Every structure is written in C-alpha cells, then in structure tokens.
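S.K.: Under our numbering, the first residue of the sequence shown carries the number 322, and numbering increases by one thereafter. The C-beta atom is built at its ideal place from N, Cα and C for all residues, glycine as well. Here the structure is a predicted model, which means the values were calculated and not measured.
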Amino acid sequence: MEPQDYPVLSAIGYAPIKAQRGATDSTKMLMAIKASKLDAYRELTEQVYGQKVDGSQTLSNFILSDERLSSSVQGVIRGARVIKSYPVGDDLYATELELDFKRVYDIYLSTARPKRVKDVHYY
Numbered sequence: 322m323e324p325q326d327y328p329v330l331s332a333i334g335y336a337p338i339k340a341q342r343g344a345t346d347s348t349k350m351l352m353a354i355k356a357s358k359l360d361a362y363r364e365l366t367e368q369v370y371g372q373k374v375d376g377s378q379t380l381s382n383f384i385l386s387d388e389r390l391s392s393s394v395q396g397v398i399r400g401a402r403v404i405k406s407y408p409v410g411d412d413l414y415a416t417e418l419e420l421d422f423k424r425v426y427d428i429y430l431s432t433a434r435p436k437r438v439k440d441v442h443y444y
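1) Per DSSP, which residues does Q378 bridge with? Please list them.
2) Skipping 5 residues on each side, what residues in its chain have a beta carbon closer than 6 Å to that of S386?
3) Pick out whichever of E364, D346, D412 and E388 has its Cα sitting closest to the Cα of G334.
4) Just how far apart, CA to CA, sit G410 and P324?
5) Starting from T366, trace the alpha helix (DSSP H) in both directions and tell me its first and last residue.
6) Under 8 Å, do T432 and S357 count as touching if we go by C-beta distance?
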C-alpha cells in the first residue's frame, strides 16, 4: 500500500582534491568530484540500511594487547539526485544528494509490477 507521506533524506559527501591521483589539477578535481559523490551515496546508504560495526579485543596476561574496530555499509540506492557539487576552500570538494522516497516508490512500482488481488473465488 502506498504511504500517506514520504520522507526526503539528504547527504553530503566530501573529498580532498590534492590527495587525488592525477597528472594535472583538472584531473584531480574530476576525481575529487567523483569521490565526493560516492561519499554522499555512502552516507545515504547508511541512513537507509544502517551500518554494520564489527569489533574485537585480544587479551594477553589480562592486559589488552589488541583492539580492532571496522564498519561497513551495503545497499542499493535508486532515485537519488545531485542537488549541487561545489569546491569548499582550496582543497575540498563537496556533493549534496537528496533521496525522495516518493521517487523511490515510483521506481519500485515501475520495476516490481506489484499485483493486487481483486477477487478471491473458492471452489
């Protein structure tokens, strides 16, 4: 069933420009634009699906000798749109994304082709 209202999520991704690989400043800028967009998609995915966090600790003679923490995000985002992409200061690029769940619902309807039961006949 269709919900009465739809949330709109937003995310901002950032990427450094000078740290990108590339022979020219223009290439580094393009790579930073792509990286900031991917970072924004990662943030949207965290909001939609959550984030998996794994941790472990190792004790040796009752002394903490090793502690590890890792996180991961996995999911599919469809229907997000880039609001704007812009440089921040001298060495940072930002991309703003928006995910309107009305659009997500419309995409779902066009790909899943849900069926509704009109009548049930018992024999």
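M.R.: Inspection of the coordinates gives the following:
1) E388
2) T379
3) E364
4) 41 Å
5) D346 to Y370
6) no
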